[in-house]
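Student: I am attaching a structure below and will ask some questions about it afterwards.
Number of protein chains: 2
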Amino acid sequence: MSASFIPKSVSALSAAAIAGLRAALPPDRIYFEAADCLPYAYDNSRRVSLPQAVAFPMDENEVVALVRACRQFRIALTPRGRGTNTTGATVPVEGGVVVSMERMNRILSLSPGDRLIECEAGCTNSDVQRAAAAHGLFWAPDPTSADFASVGGNIACGAGGPRAVKYGTARENVLGLNAVLGTGELIRSGCHTTKGVVGYDLTRLLVGSEGTLGLITRATLKLLPRPAGLRTLRVAYRDVSSAIQAVTRIMGQPAAPCALEFFDTDAVALAQAWRDCGIPADTGALLLIDVDGDGAGLEADTIAISNAARGDGLVELRSAASRAESEDLWAARKALSPSLRKLAPRKINEDVAVPITRLPELVSGLGALSREHGLRIVSFGHAGNGNLHVNILADPSDPAQAGAIEACLHAMFRLVLSLDGTLSGEHGVGIDKRDFVAWEVAAPALAVMRQIKRVFDPEGILNPGKTLPDAAE
Amino acid sequence: MSASFIPKSVSALSAAAIAGLRAALPPDRIYFEAADCLPYAYDNSRRVSLPQAVAFPMDENEVVALVRACRQFRIALTPRGRGTNTTGATVPVEGGVVVSMERMNRILSLSPGDRLIECEAGCTNSDVQRAAAAHGLFWAPDPTSADFASVGGNIACGAGGPRAVKYGTARENVLGLNAVLGTGELIRSGCHTTKGVVGYDLTRLLVGSEGTLGLITRATLKLLPRPAGLRTLRVAYRDVSSAIQAVTRIMGQPAAPCALEFFDTDAVALAQAWRDCGIPADTGALLLIDVDGDGAGLEADTIAISNAARGDGLVELRSAASRAESEDLWAARKALSPSLRKLAPRKINEDVAVPITRLPELVSGLGALSREHGLRIVSFGHAGNGNLHVNILADPSDPAQAGAIEACLHAMFRLVLSLDGTLSGEHGVGIDKRDFVAWEVAAPALAVMRQIKRVFDPEGILNPGKTLPDAAE
Numbered sequence: 001m002s003a004s005f006i007p008k009s010v011s012a013l014s015a016a017a018i019a020g021l022r023a024a025l026p027p028d029r030i031y032f033e034a035a036d037c038l039p040y041a042y043d044n045s046r047r048v049s050l051p052q053a054v055a056f057p058m059d060e061n062e063v064v065a066l067v068r069a070c071r072q073f074r075i076a077l078t079p080r081g082r083g084t085n086t087t088g089a090t091v092p093v094e095g096g097v098v099v100s101m102e103r104m105n106r107i108l109s110l111s112p113g114d115r116l117i118e119c120e121a122g123c124t125n126s127d128v129q130r131a132a133a134a135h136g137l138f139w140a141p142d143p144t145s146a147d148f149a150s151v152g153g154n155i156a157c158g159a160g161g162p163r164a165v166k167y168g169t170a171r172e173n174v175l176g177l178n179a180v181l182g183t184g185e186l187i188r189s190g191c192h193t194t195k196g197v198v199g200y201d202l203t204r205l206l207v208g209s210e211g212t213l214g215l216i217t218r219a220t221l222k223l224l225p226r227p228a229g230l231r232t233l234r235v236a237y238r239d240v241s242s243a244i245q246a247v248t249r250i251m252g253q254p255a256a257p258c259a260l261e262f263f264d265t266d267a268v269a270l271a272q273a274w275r276d277c278g279i280p281a282d283t284g285a286l287l288l289i290d291v292d293g294d295g296a297g298l299e300a301d302t303i304a305i306s307n308a309a310r311g312d313g314l315v316e317l318r319s320a321a322s323r324a325e326s327e328d329l330w331a332a333r334k335a336l337s338p339s340l341r342k343l344a345p346r347k348i349n350e351d352v353a354v355p356i357t358r359l360p361e362l363v364s365g366l367g368a369l370s371r372e373h374g375l376r377i378v379s380f381g382h383a384g385n386g387n388l389h390v391n392i393l394a395d396p397s398d399p400a401q402a403g404a405i406e407a408c409l410h411a412m413f414r415l416v417l418s419l420d421g422t423l424s425g426e427h428g429v430g431i432d433k434r435d436f437v438a439w440e441v442a443a444p445a446l447a448v449m450r451q452i453k454r455v456f457d458p459e460g461i462l463n464p465g466k467t468l469p470d471a472a473e
Numbered sequence: 001m002s003a004s005f006i007p008k009s010v011s012a013l014s015a016a017a018i019a020g021l022r023a024a025l026p027p028d029r030i031y032f033e034a035a036d037c038l039p040y041a042y043d044n045s046r047r048v049s050l051p052q053a054v055a056f057p058m059d060e061n062e063v064v065a066l067v068r069a070c071r072q073f074r075i076a077l078t079p080r081g082r083g084t085n086t087t088g089a090t091v092p093v094e095g096g097v098v099v100s101m102e103r104m105n106r107i108l109s110l111s112p113g114d115r116l117i118e119c120e121a122g123c124t125n126s127d128v129q130r131a132a133a134a135h136g137l138f139w140a141p142d143p144t145s146a147d148f149a150s151v152g153g154n155i156a157c158g159a160g161g162p163r164a165v166k167y168g169t170a171r172e173n174v175l176g177l178n179a180v181l182g183t184g185e186l187i188r189s190g191c192h193t194t195k196g197v198v199g200y201d202l203t204r205l206l207v208g209s210e211g212t213l214g215l216i217t218r219a220t221l222k223l224l225p226r227p228a229g230l231r232t233l234r235v236a237y238r239d240v241s242s243a244i245q246a247v248t249r250i251m252g253q254p255a256a257p258c259a260l261e262f263f264d265t266d267a268v269a270l271a272q273a274w275r276d277c278g279i280p281a282d283t284g285a286l287l288l289i290d291v292d293g294d295g296a297g298l299e300a301d302t303i304a305i306s307n308a309a310r311g312d313g314l315v316e317l318r319s320a321a322s323r324a325e326s327e328d329l330w331a332a333r334k335a336l337s338p339s340l341r342k343l344a345p346r347k348i349n350e351d352v353a354v355p356i357t358r359l360p361e362l363v364s365g366l367g368a369l370s371r372e373h374g375l376r377i378v379s380f381g382h383a384g385n386g387n388l389h390v391n392i393l394a395d396p397s398d399p400a401q402a403g404a405i406e407a408c409l410h411a412m413f414r415l416v417l418s419l420d421g422t423l424s425g426e427h428g429v430g431i432d433k434r435d436f437v438a439w440e441v442a443a444p445a446l447a448v449m450r451q452i453k454r455v456f457d458p459e460g461i462l463n464p465g466k467t468l469p470d471a472a473e
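Residue numbers (UniProt numbering), protein chains in the order written: chain F, 1 to 473; chain U, 1 to 473.
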């Protein structure tokens, strides 16, 4: 959309650089052919930029050797889990080497009594969930992409998901990390305990840094006991304001839902159009609520949350009695993202967050922006965190719509910031939101972030063109 | 104990420096007389080092002016909340100016619907708890010193407390911070939402940095709904191992206790000696458990946790039916720290943490160290986090005991690290553990921490002599 979204010139690797890379890794760990590189040229942002090489390290020593070679020859390195991110964070805009972590996918240790798992960064989220589930445990982050997304990618992006409202995001559920910095140094941060205050918190600094500070190689994850029971409530309200009032009541009492998802009026219509879900006709907004727990505790929490959900503007409260019925209620939510693509060829999917009491202003403001710019906007998502997936829909072949997208997006970001919100609750910055970071983060903090970047990556070889905006010329 | 524990030469301020400081603050905000400075020369570590001045800024602008003056004249600044820390973190070992935040004690905003409070750093923990309680909310950190300790100090030390086992420490309960860096720049980090991934996580970097990276001026805190009900269980076991097995069972099921405190054999005897608490004679270890919740949910959680507490080695499970009875059971726990002082004139109070399953090895290892070094060691504390308060007791007038302290402490730290533990779960490093940081944090990570320190504080004026060890000569 703006100049910095266009990759800088991608120059070919010199013969010396290629020789250096070949010396760093065994031949079956690095490929230079365009045909081999192409699958690593894009991610779920649908941006494309071809790397000159793709590497598949098998262990930390190989990552160190690779980074050292790249440092010596000033080659850009783009770490990549499974490329499920939506912001372009793993697109190699300056070419160089994509470092795919997919072969570093071992579970290194699992201690159920300590609720700890240690794994390599290339494990998928679901690899970890499966290993943990065998001991009645789980890892909190549950992005929609959990079946494919890697743990390293989840951590690098600060991934959340619906469950974050009760159990927190990657930030609150990682205890320690191993990472290779842009200097080629391997560091170990954090500890094996849920409390620890020795030295500065490098773990949280790496969480959400999108591979710009270090290449995460291993993680020690905090696991939680998995409740046996689940209840799903689907609560229909007359309008958005009534639904948000209910969110405030639910979050204001001690029984925490493990998901609290909001659908605006358009999202309700979309879900109902996708398949008749039996949503009452006069529904203007919907909450989809999961409550987890065991036995009598689950019953008590479900009653407490149901009571909090009831109030002015309630149209219907349905409770799913079985897992199958729960999954049925959730199917509409999971179908929303793909359904949107059918409405318009272009979907700009943002994940802004505002304090919960500002959600009505956000949703009404989005309505005003939709009318003003002639673009449909559909919002749904993690209301318990004030974190909405705002989808601006457009047909780029319509010049009026195509021309309106940028202004609408900018106005939406300004609206969010005016409501004390943040531009990204869980997707991160990547390329997409890079030009807007300075709208949220004031110059002194941004200057500190740039200096931290230089500490971790003095040559600027780690994932260039991401996360932080370029310094003003 | 070692050379670095002795303050470097504290030189008097030059006339120009005094003039610079006087120009930065109104006259009733800075004092230079030794009599005025003396109350700010020490903290709960009982170390003493006289500053040349003590400042009482009233707002952020005054903090900025003060830091800029100190930077210009290279004067050390030691930020101070209420001096309740036990590690010497607020003792001005290089003299200079102690910056007492006690006059910056305003609650700036409270939004119950958003579960947010914004306050100045000098508010006490209990100021925040009182304001939050009026809306049925609370802030998770609950150090024993909560009535006096400041929010800024809690954050700077990464404070926890018994409740951390369910609700987390300062790290998980601060959303954003304002801080003045050693450059004199005021930065704002974080956001007003429970999720946010724009830019690097400067908030968590400041949490636990003990005033060495920035002077925290304001905080946005995450509040939680306060459950109305509380049940306390006191569970006696035959021996330490049985008690720790019970901790593992309790932490392995989904109903989370809001406190899970452990007493070793000596701590049990001490509690019983302080006052007859009716602890059965054959008790070798004790758990004190709080469960919070509302109505039927609380009943269900109490049953689940009681069931998990029962098992091999159980001697007695007592349940307090009323708040008064709960407070009675807790009185023994709260009396432990002061009681220890009666046992021996010198008490070295450490707060190491190990993975829960390693607690039996820690406790038996401490027994071996006690015998080997001829020093009594009493341990109790936050077993749900594997975080024990290990108290090495000695009479310094006995040369054998005095001579054994250092070797015993060192051996204890080596034991903790061999068990995958950390040297501090919540007290922090300050002066006391500075020489041991490099035992836990390997050189590459330590080098990064030192470089981060230079980014935030290029002249090294912020709380010198704390947190990070001096670089090797």
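Backbone N, C-alpha and C define an ideal beta-carbon position, used for all residues, glycine too.
As the structure is a prediction and not an experimental result, all values here were calculated from the model.
Mind checking D470 of chain U: buried by the 16 CB within 10 Å criterion, or exposed?
Tutor: Result: exposed.
Student: Determine the burial state of M1 of chain U: buried for a count of at least 16 other Cβ atoms within 10 Å of its Cβ, exposed for fewer.
Tutor: Residue confidence is low: M1 of chain U scores 36 on pLDDT, short of 50, so the model does not pin down where it sits. No coordinate-derived value is stated.
Student: Compare the C-alpha of T467 of chain F against each of U:E60, U:A132, U:V197 and U:A24 and name the closest.
Tutor: When each option's Cα is compared against that of T467 of chain F, the closest is U:V197.
Student: Considering only residues of the same chain and omitting the five flanking positions on each side of L186 of chain F, which have a CB-CB separation below 7 Å?
Tutor: Cβ neighbours of L186 of chain F beyond the five flanking positions: E60, V64, N178 and V180.
Student: If contacts are defined as beta-carbon pairs under 8 Å, then G297 of chain U and D290 of chain F qualify, I think. What distance do you get, rounded to the angstrom?
Tutor: That belief does not hold up - the Cβ atoms of G297 of chain U and D290 of chain F are roughly 16 Å apart, past 8 Å.
Student: Interface residues of chain U around K195 of chain F at Cβ under 7 Å?
Tutor: Residues of chain U passing the Cβ test: G160, A164, T169, A353, N385, N387, G425 and E426.
Student: Is the CB of L362 of chain U under 9 Å away from at least one CB in chain F?
Tutor: No, because no Cβ of chain F sits closer than 9 Å to the Cβ of L362 of chain U.
Student: Distance check for A255 of chain U and A304 of chain U, CA to CA, integer angstroms please.
Tutor: Cα to Cα, the separation comes out at about 7 Å.
Student: Do we get a CB-CB distance below 9 Å when we pair K433 of chain U with the residues of chain F?
Tutor: Yes - at least one Cβ of chain F is within 9 Å of the one on K433 of chain U.
Student: Can you round the beta-carbon distance between N85 of chain U and N44 of chain U to whole angstroms, since I take them to be within the 8 Å contact cut?
Tutor: Sure, about 6 Å apart at Cβ, within 8 Å.
Student: Count Cβ pairs between the region 268-276 of chain U and the region 136-145 of chain U that sit closer than 8 Å; are there 3 or more?
Tutor: The region 268-276 of chain U is not in contact with the region 136-145 of chain U.
Student: Buried or exposed for N391 of chain F, please, with buried defined as at least 16 other CB atoms from any protein chain shown within 10 angstroms of its CB.
Tutor: It is buried - the Cβ of N391 of chain F has at least 16 other Cβ atoms within 10 Å.
Student: Under 8 Å by Cβ, that's how I've got R318 of chain F and L233 of chain F pegged, so tell me the actual separation to the nearest angstrom.
Tutor: 7 Å between Cβ atoms; contact.
Student: Less than 9 Å between CB atoms is the rule here; does E299 of chain F satisfy it with respect to chain U?
Tutor: By this cut-off, E299 of chain F is an interface position.
Student: Taking only beta-carbon positions, decide if R275 of chain F is within less than 9 Å of chain U.
Tutor: Chain U, which has no Cβ nearer than 9 Å to the Cβ of R275 of chain F, makes this no.
Student: So for L177 of chain U, helix, strand or coil by DSSP?
Tutor: L177 of chain U: strand per DSSP, three-state reduction.
Student: Can you check whether the CB of A383 of chain F is closer than 9 Å to the CB of L287 of chain F?
Tutor: Yes, the Cβ-Cβ distance between L287 of chain F and A383 of chain F is below 9 Å.
Student: Step through the CB atoms of chain U and report whether any lies within less than 9 Å of the CB of L205 of chain F.
Tutor: Answer yes: the Cβ-Cβ gap between L205 of chain F and chain U drops below 9 Å somewhere.
Student: What residues in its chain sit with their C-beta under 7 Å from that of V455 of chain F, if we drop five residues either side in the sequence?
Tutor: Same-chain partners within the cutoff: there are none.
Student: Beta carbons nearer than 8 Å to chain U: which residues of the region 25-58 of chain F have them?
Tutor: Listed in sequence order: no entries.
Student: Considering only DSSP beta bridges, list what D312 of chain F is partnered with.
Tutor: D312 of chain F is not bridged to any residue.
Student: Buried or exposed: where does D276 of chain U fall if 16 or more other Cβ atoms within 10 Å of its Cβ makes it buried?
Tutor: Answer is exposed; the Cβ neighbour count stays below 16.
Student: Which chain F residues sit within Cβ distance under 7 Å of I187 of chain U?
Tutor: Chain F residues near I187 of chain U: P444, A445 and V448.
Student: Name the residues in the region 333-351 of chain U whose C-beta lies less than 8 Å from a C-beta of chain F; which are they?
Tutor: So the list is empty, because no residue satisfies the distance condition.
Student: At which residue ranges does the region 334-359 of chain U contain complete alpha helix (DSSP H) runs of 4 or more residues, listed in the order of the chain?
Tutor: Here no run is fully enclosed.
Student: Got a sec: is the Cβ-Cβ distance from D294 of chain U to anything in chain F below 9 Å?
Tutor: Chain F, which has a Cβ nearer than 9 Å to the Cβ of D294 of chain U, makes this yes.
Student: Please report the residue range of the alpha helix (DSSP H) in which T203 of chain U lies.
Tutor: T203 of chain U -> alpha helix (DSSP H) spans L202 to L206.
Student: The alpha helix (DSSP H) with F456 of chain U in it runs from where to where?
Tutor: Its alpha helix (DSSP H) spans residues A443 to F456.
Student: Listed in chain order, which residues of the region 217-236 of chain U have Cβ atoms closer than 9 Å to some Cβ of chain F?
Tutor: Residues passing the 9 Å Cβ filter: L224, P225, R226, P227 and A228.
Student: By the 8 Å beta-carbon criterion, what residues does the region 241-256 of chain F contribute toward chain A?
Tutor: Among the protein chains of the structure shown, namely F and U, there is no chain A.
Student: Say whether chain F places a C-beta atom closer than 9 Å to the C-beta of H410 of chain U.
Tutor: No, because no Cβ of chain F sits closer than 9 Å to the Cβ of H410 of chain U.
Student: To the nearest angstrom, how far is the alpha carbon of P7 of chain U from that of T183 of chain U?
Tutor: Because the pLDDT at P7 of chain U is just 45, under 50, the model does not fix this residue reliably, and the point stays unresolved.
Student: Using beta-carbon positions only, say whether G20 of chain U and Q72 of chain U come within less than 9 Å of one another.
Tutor: In contact: G20 of chain U and Q72 of chain U (Cβ atoms closer than 9 Å).
Student: What residue from F:R68, F:E33, F:P92 and F:T87 has the CA that sits closest to I431 of chain F's CA?
Tutor: That would be F:T87, whose Cα lies nearest to the Cα of I431 of chain F.
Student: Using the rule of at least 16 other Cβ atoms within 10 Å of the residue's Cβ for burial, across every protein chain shown, is C209 of chain U buried or exposed?
Tutor: The residue asked about is misnamed: residue 209 of chain U is Ser in this sequence, not Cys. The residue is buried, with at least 16 neighbouring Cβ atoms inside 10 Å.
Student: Report the neighbours of V441 of chain F on chain U: residues whose CB is nearer than 7 Å to its CB, in chain order.
Tutor: Ordered by position in chain U, the residues that pass the 7 Å Cβ test against V441 of chain F are V198 and G199.
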